[in-house]
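The structure appears right after this line, and notes come after that.
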Amino acid sequence: MLRKTLIAGAALTAVSMAALSAKAEDEGPNDLEIAHIAYTAGVIDLRYAHLALAVSDNADVREFAGTMLRDHQAVNDAALALLEKLEAAPQDNATSQSLLQQAADKRAELIALEGKAFDKAYADNELGYHQFVNTALAETFIPAADNAEFKALLGSALATFRAHEKHAEKLVKNTR
Amino acid sequence: MNMLDKKIDRRRGLLVCGLAAAIVGQAALWAPSALAESHVVEIRDFQFAPEALDIAVGDTVTWVNMDIAPHTATAVDGSWDSGSLAQGDEWSLVIETAGVIDYLCTFHPQMVGALNVE
Ligand SMILES: [Cu+2]
Chain A
0 MLRKTLIAGA
10 ALTAVSMAAL
20 SAKAEDEGPN
30 DLEIAHIAYT
40 AGVIDLRYAH
50 LALAVSDNAD
60 VREFAGTMLR
70 DHQAVNDAAL
80 ALLEKLEAAP
90 QDNATSQSLL
100 QQAADKRAEL
110 IALEGKAFDK
120 AYADNELGYH
130 QFVNTALAET
140 FIPAADNAEF
150 KALLGSALAT
160 FRAHEKHAEK
170 LVKNTR
Chain B
0 MNMLDKKIDR
10 RRGLLVCGLA
20 AAIVGQAALW
30 APSALAESHV
40 VEIRDFQFAP
50 EALDIAVGDT
60 VTWVNMDIAP
70 HTATAVDGSW
80 DSGSLAQGDE
90 WSLVIETAGV
100 IDYLCTFHPQ
110 MVGALNVE
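Line order of the protein sequences matches chains A and B.
Under numbering that gives the first Met the number 0, think of the first position of the first sequence as 0, with each following residue one higher.
Under numbering that gives the first Met the number 0, think of the first position of the second sequence as 0, with each following residue one higher.
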């Protein structure tokens, strides 16, 4: 009888521990959602860059946009290559969707502008966007990532986007 | 020792002489480059490492891009340019003139480096 109670108690503890760890994993997005968000964030900046190259004649803006195309494409390619290696597929989620919606609104705003007004608005948006993405990566997504290789890739992406943020600060000054 | 053996022996001697001459000749040719050194500049986290490098005329510098983003190593005066280096790519240059050579990444002009050539 006593033995049975002990076993039942042990089983109960095991169940509650499993529940705990499941809860811990549920906090924040999983790696496949983070991958989708990071990839989407890259696609959004690629779209802004294409828009800038179509609209702007400013040499600094065009040079910056060219760098965004090259770098975000390289980061997204690296992310896809890693996902393929891990045989994983990115998972769509509410954060990705809301990023896309915000970007569509901002794009509509930018398209209505031209000349210096466009250049300034593009530069301001690039600075704000990279600040936002970098904070999210550093404070939320990198700490939440589980797979070591994926975490390292996000770290390299962050180094890239931090350089973009500094570059954007200069662009903001140059388009004043 | 019969005739045939002697012949072979002489040939061997000639061969050894020839080899020795060849080695001496090549050593003479190699002498300058034996003093020349090879240096590696890693491009990592949007920085050239080391950012300043002391080298001698005749040395070889190899830039290796460790970042995901493509970079270049390009002389500020435009005299040389690696072109786009993707992750893992490397590019080498033999430095032939003395002086301070400033270079940068044309994609990210805030990335700068220098070669101090004696
Ligand atoms: Cu660069």
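Positions of the beta carbon are idealized from the N, C-alpha and C atoms, including for glycine.
message = I want to verify the contact list: residues of chain B whose CB lies under 8 Å from the CB of Thr159/A, in sequence order.
response = Start at 1 with the first residue of the first sequence, and residue 159/A comes out as number 160. The answer, in chain order, is Phe45, Asp66, Ile67, Ala68.
key: Buried or exposed (CB count within 10 angstroms, at least 16 for buried), Pro49/B   = Mapped onto the second sequence, residue 49/B falls at position 50. Exposed, because fewer than 16 other Cβ atoms sit within 10 Å of the Cβ of Pro49/B.
key: Supposed contact pair Gly41/A and His71/A - C-beta distance, whole angstroms, cut 8 Å   = Taking the first residue of the first sequence as position 1, residue 71/A is located at position 72. Taking the first residue of the first sequence as position 1, residue 41/A is located at position 42. Confirmed, about 4 Å.
task = Identify which residue in Ala156/A, Tyr47/A, Leu153/A, Arg175/A has its Cα closest to the Cα of Ala116/A.
result = Within the first sequence, numbered from 1, the residue matching residue 116/A stands at position 117. Among Ala156/A, Tyr47/A, Leu153/A, Arg175/A, the Cα nearest to that of Ala116/A is on Arg175/A.
ask   = Counting Cβ pairs closer than 8 Å, one from the segment 129–141 of chain A and one from the segment 99–115 of chain A, do we hit at least three?
value = no
ask   = Comparing the CB of His163/A with every heavy atom of ligand 1, is any distance shorter than 7 Å?
value = One-based indexing of the first sequence puts residue 163/A at position 164. For His163/A, the Cβ stays outside the 7 Å cut-off from all heavy atoms of ligand 1.
query = Would DSSP call Leu5/A helix, strand or coil?
reply = The sequence position of residue 5/A within the first sequence is 6, counting from 1. Caution is warranted here: a pLDDT of 40 is assigned to Leu5/A, below 50, making its placement in the model unreliable, and the coordinate value is therefore given only provisionally. The answer is helix: DSSP assigns Leu5/A an H, G or I state.
task = Could you tell me whether any Cβ in chain A is nearer than 8 Å to the Cβ of Trp29/B?
result = Taking the first residue of the second sequence as 1, we reach residue 29/B at position 30. Unreliable positioning characterises Trp29/B in this predicted model, as indicated by a pLDDT of 47, which lies under 50. The coordinate reading is nonetheless provided below. Not closer than 8 Å to any Cβ of chain A, the Cβ of Trp29/B fails to qualify, so no.
Close beta carbons around Val40/B, own chain, < 8 Å, minus the five adjacent residues each side = Position 41 of the second sequence, counted from the start, is the residue given in the question as residue 40/B. Excluding residues within five positions, the ones whose Cβ falls inside 8 Å are Phe47, Ala48, Pro49, Leu52, Val60, Thr61, Trp62, Val63, Ala72, Gly112.
key: Any non-hydrogen atom of ligand 1 closer than 7 Å to His107/B Cβ   = Against the second sequence, residue 107/B aligns to sequence position 108. Checking the Cβ of His107/B against ligand 1 gives yes.
query = Which chain A residues are close to His107/B, counting only those with a beta carbon under 8 Å from its beta carbon?
reply = As a first step, residue 107/B is located in the second sequence; it is residue number 108 there, counting from the start. Near His107/B (Cβ distances below 8 Å), the residues of chain A are Thr66, Ala162, His166.
For Gln100/A and Pro89/A, the rounded distance between their alpha carbons = Along the first sequence, one-based indexing puts residue 89/A at 90. Along the first sequence, one-based indexing puts residue 100/A at 101. About 19 Å.
task = Give the DSSP-derived three-state secondary structure of Val60/A in the structure shown.
result = Position 61 of the first sequence, counted from the first residue, corresponds to residue 60/A. Three-state DSSP puts Val60/A in a helix.
inquiry  = I want to know whether the segment 156–172 of chain A touches the segment 76–84 of chain B - three or more CB-CB distances under 8 Å.
reply    = no
request  = Classify Asn115/B as helix, strand or coil using the three-state DSSP reduction.
outcome  = Walking along the second sequence from the start, residue 115/B turns up at place 116. In this structure, Asn115/B counts as strand in the three-state DSSP scheme.
task = Please say whether Phe63/A and His129/A have beta carbons closer to each other than 8 Å?
result = Counted from its first residue, the first sequence places residue 129/A at position 130. Counted from its first residue, the first sequence places residue 63/A at position 64. No, the Cβ-Cβ distance between His129/A and Phe63/A is not below 8 Å.
query = Quick one: which chain B residues come within Cβ less than 9 Å of Ala73/A?
reply = Within the first sequence, the letter at position 74 stands for residue 73/A. Those within 9 Å of Ala73/A in chain B are Asp66, Ile67, Ala68, Pro69, Ala85, Gln86.
message = Is Phe140/A near ligand 1 - that is, is its Cβ less than 7 Å away from at least one heavy atom of it?
response = Taking the first residue of the first sequence as 1, we reach residue 140/A at position 141. Checking the Cβ of Phe140/A against ligand 1 gives no.
ask   = Can you find a CB in chain B that lies within less than 8 Å of the CB of Arg61/A?
value = Position 62 of the first sequence holds residue 61/A. Cβ-Cβ to chain B under 8 Å: no for Arg61/A.
ask   = Shorter than 8 Å from the beta carbon of Ala147/A to some beta carbon of chain B?
value = Indexing the first sequence from 1 puts residue 147/A at position 148. Not a single C-beta of chain B is nearer than 8 Å to the C-beta of Ala147/A.
Cβ-based burial, His163/A [other Cβ within 10 Å; buried from 16] = Taking the first sequence and counting its residues from 1, the one referred to as residue 163/A is at position 164. By the neighbour-count rule (16 or more Cβ atoms within 10 Å), His163/A is buried.
task = State yes or no: is the C-beta of Ile141/A within less than 8 Å of the C-beta of Ser95/A?
result = For the purposes of this step, residue 141/A is taken as the residue at position 142 of the first sequence. For the purposes of this step, residue 95/A is taken as the residue at position 96 of the first sequence. The answer is no: Cβ separation not under 8 Å.
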